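2 protein chains.
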Amino acid sequence: MSRDSVVMLKEDHKEVPQTSPRHRVVVIGSGFGGLFFARAMRRTDADITLIARTSHHLFQPLLYQVATGILSQGEIAPATREILARQKNARVILGDVTGIDVGARTVTSELLGQQVVTAYDSLLVAAGAGQSYFGNAHFARHAPGMKSIDDALELRGRIFGAFEAAEIAESEAERGRLLTFVIVGAGPTGVEMAGQIAELASRTLKRDFRSIDPGAARVILLDAAPAVLTSFGEKLGDHARSRLEKMGVEVMLATMVTDLDAASVTVRDPDGGSRRIAAVTKVWAAGVAASPLAGQLAEQTGAGLDRAGRIEVQGDLTLPGHPEVFVVGDMAALKDCPGVAQVAIQGARYAADQISRRLDGQPARGPFKYSDKGSMATISRFSAVASIGRFQFGGFIAWLLWLAIHIAYIVGFKHRVTTLLHWAVSFLGRGRAERATTEQQVFARNAIDDLGEGYSPTLPR
Amino acid sequence: MSRDSVVMLKEDHKEVPQTSPRHRVVVIGSGFGGLFFARAMRRTDADITLIARTSHHLFQPLLYQVATGILSQGEIAPATREILARQKNARVILGDVTGIDVGARTVTSELLGQQVVTAYDSLLVAAGAGQSYFGNAHFARHAPGMKSIDDALELRGRIFGAFEAAEIAESEAERGRLLTFVIVGAGPTGVEMAGQIAELASRTLKRDFRSIDPGAARVILLDAAPAVLTSFGEKLGDHARSRLEKMGVEVMLATMVTDLDAASVTVRDPDGGSRRIAAVTKVWAAGVAASPLAGQLAEQTGAGLDRAGRIEVQGDLTLPGHPEVFVVGDMAALKDCPGVAQVAIQGARYAADQISRRLDGQPARGPFKYSDKGSMATISRFSAVASIGRFQFGGFIAWLLWLAIHIAYIVGFKHRVTTLLHWAVSFLGRGRAERATTEQQVFARNAIDDLGEGYSPTLPR
Chain A
0 MSRDSVVMLK EDHKEVPQTS PRHRVVVIGS GFGGLFFARA MRRTDADITL
50 IARTSHHLFQ PLLYQVATGI LSQGEIAPAT REILARQKNA RVILGDVTGI
100 DVGARTVTSE LLGQQVVTAY DSLLVAAGAG QSYFGNAHFA RHAPGMKSID
150 DALELRGRIF GAFEAAEIAE SEAERGRLLT FVIVGAGPTG VEMAGQIAEL
200 ASRTLKRDFR SIDPGAARVI LLDAAPAVLT SFGEKLGDHA RSRLEKMGVE
250 VMLATMVTDL DAASVTVRDP DGGSRRIAAV TKVWAAGVAA SPLAGQLAEQ
300 TGAGLDRAGR IEVQGDLTLP GHPEVFVVGD MAALKDCPGV AQVAIQGARY
350 AADQISRRLD GQPARGPFKY SDKGSMATIS RFSAVASIGR FQFGGFIAWL
400 LWLAIHIAYI VGFKHRVTTL LHWAVSFLGR GRAERATTEQ QVFARNAIDD
450 LGEGYSPTLP R
Chain B
0 MSRDSVVMLK EDHKEVPQTS PRHRVVVIGS GFGGLFFARA MRRTDADITL
50 IARTSHHLFQ PLLYQVATGI LSQGEIAPAT REILARQKNA RVILGDVTGI
100 DVGARTVTSE LLGQQVVTAY DSLLVAAGAG QSYFGNAHFA RHAPGMKSID
150 DALELRGRIF GAFEAAEIAE SEAERGRLLT FVIVGAGPTG VEMAGQIAEL
200 ASRTLKRDFR SIDPGAARVI LLDAAPAVLT SFGEKLGDHA RSRLEKMGVE
250 VMLATMVTDL DAASVTVRDP DGGSRRIAAV TKVWAAGVAA SPLAGQLAEQ
300 TGAGLDRAGR IEVQGDLTLP GHPEVFVVGD MAALKDCPGV AQVAIQGARY
350 AADQISRRLD GQPARGPFKY SDKGSMATIS RFSAVASIGR FQFGGFIAWL
400 LWLAIHIAYI VGFKHRVTTL LHWAVSFLGR GRAERATTEQ QVFARNAIDD
450 LGEGYSPTLP R
């Protein structure tokens with residue numbers, strides 16, 4: 000019956016153009032691209048159907064604060080459905096998109112074994128990117144990425160859990176392994192995680208333990224590149240690095256991860272030597288790989304894929320031979336466009352404008368141009384780096400700017416107020432309001448699984 | 000090596016009385032009993048070691064608000080370690096207590112395969128109770144209980160997920176199953192859940208969907224007893240029942256659950272007939288069973304167990320022949336003491352007082368007497384029932400009282416402020432600030448598991 004319905008819906012689709020004069024737009028993804036596109040289409044005559052795998056819009060730049068106990072998942076993940084509730088021309092469907100058929104102009108999604116086929120006249124694909132372990136899939140188990148609420152809560156359990164386990168550790172070596180945190184990747188996410196774990200250890204947990212000194216925890220930030228925050232330029236990279244080092248973070252550059260297991264990370268040093276770092280908690284903030292939907296679209300349209308699996312779009316963000324299919328955000332390979340929210344937002348608005356112009360019979364715009372509004376990353380409380388046009392600065396002013404911009408982009412008044420309060424708790428005080436972990440997520444249980452592979456915490460190594 | 004350490008610690012224990020003059024008190028559990036006991040001991044000369052399975056103190060009476068998207072888990076689950084950070088004579092150990100040896104006076108706990116043996120001079124056991132399915136263990140999979148953060152987040156995923164799945168359901172029957180919520184047990188937790196799901200459906204989600212009317216959801220509150228809130232007396236029970244019915248909740252009393260599967264609940268009606276209710280989402284708020292540690296203690300001391308597995312304590316909350324072992328809260332069988340926070344708190348304070356008196360050489364107090372400060376349950380926003388001494392009342396005043404008391408008992412200023420804000424969002428507005436679910440917890444994925452047993456959403460039944 001499920002198959003029947005697919006056919007039925009497809010037949011519906013064939014007939015709909017005659018019966019419904021409204022232009023049908025399907026959006027895949029509820030990230031910055033998908034959500035901002037849907038909102039930008041609110042005054043058009045089109046019917047928007049947004050299909051996404053999660054029921055929330057994720058404010059990914061603050062995910063590291065959920066992982067380190069500053070914010071709750073609700074604060075950075077408002078329900079997409081609630082955001083679009085009053086937009087009469089929009090509807091939301093929860094489901095994994097399993098297929099796009101650019102010939103038949105349909106999107107197939109699945110939830111709970113139930114397939115839904117949705118027909119479109121225009122399509123915006125903004126399914127984003129996941130973590131990439133560069134072919135080492137087994138790393139994922141030991142070093143969670145930072146892409147979803149699941150990742151952030153898993154890491155919250157592991158980070159706080161490591162201190163719990165260290166408190167009862169039997170040997171100095173065991174305690175050392177448990178109190179070593181390795182962050183792989185020194186881009187903004189890696190820098191922010193390293194800074195937050197360092198602050199957690201030295202400030203938040205300062206008085207919480209009796210057998211260990213949390214401040215003695217080692218926080219290691221690794222990158223194969225020779226600098227941190229390479230996209231910010233040398234000056235800001237150096238600034239961030241020296242701030243991190245002042246906080247006690249060990250920054251290891253030009254250092255490649257060659258292996259990873261439950262209790263350690265093996266790296267190749269700049270001089271070519273191999274070294275094993277004993278560390279139970281690892282965070283992967285290194286590579287991204289575009290959604291596999293990019294591959295599907297490439298096969299059907301002949302568009303190329305880059306090394307990160309992103310699809311090469313045309314100047315107007317559409318695919319060759321398919322002016323009705325737009326791809327924006329982390330899934331699209333575009334020159335001089337970094338994987339940041341602004342690229343997705345601007346691409347989404349450009350696509351909405353193009354579609355609206357077509358509907359209104361207006362001439363198309365010229366090719367998409369990304370206007371770099373600048374980028375920023377926090378290092379610790381009161382300290383950030385910002386690169387805005389020709390201006391590059393670090394320190395307190397950059398941090399205030401970071402604060403203002405992030406508060407402005409958080410969706411919804413209620414989330415702004417609690418976020419500000421939680422920031423006050425963490426930055427002015429020393430607390431973390433959202434430390435709670437589930438029993439499932441508490442380090443202990445994940446670790447038993449992880450450490451199962453021949454690892455015993457009490458074996459000397 | 001782990002075994003060695005156990006022995007080593009045991010030997011330590013035997014010698015400690017000579018080397019350390021301080022009285023060693025071990026507390027099992029971080030609920031109301033364990034936490035309030037530890038705090039009550041803060042000015043004594045004893046060393047307190049609190050051992051718990053979760054790293055947080057759970058404010059269980061508000062768990063239903065986490066399940067229905069009003070509060071974040073952090074707001075009702077502050078870190079035990081943080082609460083006790085400044086109490087110099089207290090330490091916290093995370094771990095599952097696997098054994099109590101009242102002869103050797105040791106408690107064995109485990110975390111990450113690592114055993115810790117802690118010796119005591121006095122012991123307070125407050126490990127609480129879990130959900131009981133009255134011998135039907137397979138119910139658990141289909142009808143989560145309401146005892147932990149894991150339960151609440153699981154239910155959050157199932158409740159919001161059911162509406163998502165209904166939005167794309169193919170048949171009226173399927174939509175009906177997905178939009179039917181059955182709450183088993185009409186005590187305070189069941190009443191509060193039923194009221195909240197009804198408000199969620201009729202207010203919060205009102206404008207969020209396009210294919211379904213969330214307000215058409217059926218919310219069914221079942222109990223084998225002939226009344227709701229039996230412990231509150233007939234008048235308040237009737238009041239609560241009529242309020243719930245006005246909100247559209249179907250209250251089915253004198254109705255026994257005889258079976259449960261992924262898609263339905265089978266009940267025996269008051270007239271003895273059997274009936275099957277099609278419902279995907281079930282909540283179990285019916286029975287409790289004391290921690291299995293009660294059984295261990297009973298075996299070693301000869302104390303009896305009641306039907307809920309609670310241990311029969313003596314008048315002073317100790318076990319026969321073991322004046323140094325106290326049991327408080329949901330684990331203890333005590334006449335006229337319901338399973339509420341106040342019983343645990345008062346028992347904890349009584350035990351702390353007894354131990355302090357012994358340490359100070361003062362005479363012991365008479366037997367423990369529970370002073371009933373009253374009980375209350377919310378039904379919906381602006382409506383609650385309260386029973387305080389001879390006064391019984393329902394409505395807005397009861398609700399205001401509920402609000403004030405719960406805010407007062409929430410630990411920590413930061414949690415009070417965000418909780419008040421989230422209540423304003425939900426009670427004055429129509430929103431829910433904490434709707435976010437993980438992908439793991441979203442209904443879809445759990446349901447695929449659950450519904451795996453021969454259930455297909457597209458099969459007519």
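If you read the protein sequences in the order shown, they are chains A and B. So the first sequence is numbered by numbering that gives the first Met the number 0: it starts at 0 and just counts up by one. So the second sequence is numbered by numbering that gives the first Met the number 0: it starts at 0 and just counts up by one. Where is the CB? At the ideal position from N, CA and C, for every residue including glycine. Just so you know, these numbers come straight off a predicted model, no measurement behind them.
- request: Determine the contact status of Val339/B and Ser370/B, defining contact as a CB-CB distance below 9 Å.
  value: To locate residue 339/B, count along the second sequence from 1; it is residue 340. To locate residue 370/B, count along the second sequence from 1; it is residue 371. Not a contact, by the Cβ cut-off of 9 Å.
- prompt: Looking at the unbroken beta strand (DSSP E) that takes in Lys281/B, where does it start and where does it end?
  reply: Along the second sequence, one-based indexing puts residue 281/B at 282. Element bounds for Lys281/B: Thr280 to Trp283.
message: I'd like the list of long-range same chain contacts for Met0/A, defined as Cβ closer than 8 Å, with 5 residues on each side in sequence excluded.
response: Counting from 1 along the first sequence, the entry for residue 0/A is found at position 1. A caution first: Met0/A carries a pLDDT of 31, below 50, which makes its placement in the model unreliable, though a value can still be read off. Closer than 8 Å at Cβ, skipping near neighbours: no residue.
field: Between the CA atoms of Ala125/A and Thr43/A - distance to the nearest angstrom
entry: As a working mapping, residue 43/A is identified with position 44 in the first sequence. As a working mapping, residue 125/A is identified with position 126 in the first sequence. Going from the Cα of Thr43/A to the Cα of Ala125/A covers about 20 Å.
task: For Val413/B, go through chain A and note every residue whose CB falls closer than 7 Å to its CB, in chain order.
output: Within the second sequence, residue 413/B is the residue found at index 414, counting from 1. Checking the sequence shown, residue 413/B turns out to be Lys, not Val. What Lys413/B touches in chain A: Leu420, Val424, Gly430 and Ala432.
task: Answer with buried or exposed for Glu169/A, where buried requires no fewer than 16 other C-beta atoms within 10 angstroms of its C-beta.
output: Here residue 169/A corresponds to residue number 170 of the first sequence, with the count starting at 1. Buried.
message: Going by DSSP, what residue range makes up the beta strand (DSSP E) through His321/B?
response: Numbered from its first residue, the second sequence carries residue 321/B at position 322. First-last of the beta strand (DSSP E) with His321/B: His321 to Val326.
query: The alpha helix (DSSP H) with Asp150/B in it runs from where to where?
result: Taking the second sequence and counting its residues from 1, one reaches residue 150/B at position 151. Run containing Asp150/B: Ile148 to Glu166, per the alpha helix (DSSP H) assignment.
- prompt: Out of Leu419/B, Gly314/B, Ala331/B and Val248/B, which has the shortest C-alpha to C-alpha gap to Leu296/B?
  reply: Within the second sequence, residue 296/B is the residue found at index 297, counting from 1. Ranking Leu419/B, Gly314/B, Ala331/B and Val248/B by Cα distance to Leu296/B puts Ala331/B first.
- prompt: So which residues on chain A does Val287/B lean against when the C-beta distance must stay under 8 Å?
  reply: As a position in the second sequence, residue 287/B is number 288, starting the count at 1. Near Val287/B there are no residues of chain A at all, since even the closest Cβ is about 18 Å away, more than 8 Å.
- prompt: Can you check whether the CB of Ala164/A is closer than 9 Å to the CB of Gln72/B?
  reply: In the second sequence, counting from the first residue as 1, residue 72/B sits at position 73. In the first sequence, counting from the first residue as 1, residue 164/A sits at position 165. No. Outside cutoff.
- request: Might you give, ordered along the chain, the residues of its own chain that have their beta carbon closer than 7 Å to the beta carbon of Ser455/B, omitting 5 neighbours on each side?
  value: Counted from its first residue, the second sequence places residue 455/B at position 456. Since pLDDT at Ser455/B reaches only 32, below the 50 mark, its modelled position is unreliable, and the value read off the structure follows with that caveat. Nothing meets the Cβ criterion.
- request: Could you tell me the boundaries of the beta strand (DSSP E) in which Arg217/A lies?
  value: The residue you call residue 217/A lines up with position 218 of the first sequence. Where Arg217/A is concerned, the enclosing beta strand (DSSP E) stretches over Arg217 to Leu221.
- prompt: Using a C-beta to C-beta distance shorter than 8 Å, which residues of chain A count as neighbours of Val416/B?
  reply: Residue numbering aside, residue 416/B sits at position 417 when the second sequence is read from its first letter. Per Cβ cutoff of 8 Å: Leu420.
message: Taking beta-carbon pairs under 9 Å, can you tell me which members of the region 193-222 of chain B lie near chain A?
response: Thr203, Leu204, Lys205, Arg206, Asp207, Phe208, Arg209 and Ser210
message: If you follow the alpha helix (DSSP H) that Gly189/B is in, where does it begin and where does it stop?
response: To locate residue 189/B, count along the second sequence from 1; it is residue 190. Note, Gly189/B: alpha helix (DSSP H), Pro187 to Glu198.
query: In the region 110-129 of chain A, which residues sit with their C-beta less than 8 Å from some C-beta in chain B, listed in chain order?
result: Leu110, Leu111, Gly112, Gln113 and Val115
- prompt: Do you know offhand how far Thr229/A's Cα is from Gly186/A's?
  reply: Here residue 229/A refers to the residue found at position 230 when the first sequence is read from its first residue. Here residue 186/A refers to the residue found at position 187 when the first sequence is read from its first residue. Their Cα atoms are separated by approximately 7 Å.
Whole-angstrom distance between Leu292/A and Ala128/B, CA atom to CA atom: Here residue 128/B refers to the residue found at position 129 of the second sequence. Here residue 292/A refers to the residue found at position 293 of the first sequence. In a straight line, the C-alpha of Ala128/B is about 47 Å away from that of Leu292/A.
Of the listed residues Gln64/A, Gly102/A, Arg52/A and Glu81/A, nearest to His321/A (C-alpha basis): Numbered from its first residue, the first sequence carries residue 321/A at position 322. Selected option, being the one with the closest Cα: Gly102/A.
- prompt: Are the C-beta atoms of His405/B and some chain A residue less than 9 Å apart?
  reply: Along the second sequence, one-based indexing puts residue 405/B at 406. No, His405/B lies away from the interface with chain A (no Cβ there is under 9 Å from its Cβ).
field: Short CB-CB distance (under 9 Å) between His471/B and chain A
entry: Lying before the first or after the last residue shown, residue 471/B is absent from chain B, which here runs from 0 to 460.
- prompt: Helix, strand or coil: how does DSSP classify Leu111/A here?
  reply: For this step, residue 111/A is matched to residue 112 along the first sequence. In the structure shown, Leu111/A sits in coil (DSSP, three-state: anything other than H, G, I, E or B).
Three CB pairs or more closer than 8 Å across the region 90-107 of chain B and the region 220-237 of chain B: no
- request: Name the one or two DSSP bridge partners that Arg274/B has.
  value: By 1-based counting over the second sequence, the position of residue 274/B is 275. For Arg274/B, which the question treats as bridged, DSSP gives the partners Val266/B.
field: Counted within 10 angstroms of its Cβ, other Cβ atoms place Lys362/B as buried (16 or more) or exposed
entry: The residue given as residue 362/B occupies position 363 in the second sequence. Rather than Lys, the amino acid found at residue 362/B in this sequence is Pro. Result: exposed.
- prompt: How would you list, in chain order, the residues of chain A whose beta-carbon sits under 8 Å from the beta-carbon of Leu152/B?
  reply: Your numbering for residue 152/B matches position 153 in the second sequence. Those within 8 Å of Leu152/B in chain A are Thr437.
- request: For His414/B, collect the residues of the same chain with a Cβ closer than 6 Å to its Cβ; drop the 5 residues on either side in sequence, then sort them by chain order.
  value: The residue you call residue 414/B lines up with position 415 of the second sequence. Counting only Cβ-Cβ distances below 6 Å, and skipping sequence neighbours, we find Glu74.
message: Within 10 Å of its beta-carbon, does Thr280/B have 16 or more other beta-carbons around it, so buried, or fewer, so exposed?
response: On the second sequence, residue 280/B is found 281 positions in, with the first residue counted as 1. The residue is buried, with at least 16 neighbouring Cβ atoms inside 10 Å.
- prompt: Within the present structure, is the beta-carbon of Gln113/A separated from the nearest heavy atom of the ligand SAH by less than 8 Å?
  reply: Of ligands this structure carries none, so the ligand SAH is not represented either.
message: In whole angstroms, give me the CA-to-CA distance for Val250/A and Ile310/A.
response: Counted from its first residue, the first sequence places residue 250/A at position 251. Counted from its first residue, the first sequence places residue 310/A at position 311. Roughly 34 Å between the two C-alpha positions.
- request: Indicate whether at least one CB of chain B lies closer than 9 Å to the CB of Arg274/A.
  value: For the purposes of this step, residue 274/A is taken as the residue at position 275 of the first sequence. Output row for Arg274/A: interface = no.
- prompt: Can you tell which of Asp120/A, Arg41/A and Phe35/A has the C-alpha that lies nearest to the C-alpha of Tyr408/A?
  reply: The sequence position of residue 408/A within the first sequence is 409, counting from 1. With distances taken between Cα atoms, Tyr408/A lies closest to Phe35/A.
- request: Going by CA-CA distance only, name the one from Ser290/A, Lys368/A and Arg356/A that's closest to Gln313/A.
  value: Mapped onto the first sequence, residue 313/A falls at position 314. For Gln313/A, the nearest C-alpha among the options comes from Lys368/A.
- prompt: Can you give the Cα-Cα distance for Gly365/B and Leu419/A, rounded to whole angstroms?
  reply: In the second sequence, residue 365/B corresponds to position 366, counting from 1. In the first sequence, residue 419/A corresponds to position 420, counting from 1. Answer to the nearest angstrom: the Cα atoms are 50 Å apart.
message: Would Asp400/A pass as an interface residue toward chain B - the criterion being a Cβ-Cβ separation below 9 Å?
response: The sequence position of residue 400/A within the first sequence is 401, counting from 1. One detail in the question is off: residue 400/A reads as Leu in this sequence, not Asp. False, the Cβ-Cβ gap to chain B never drops below 9 Å.
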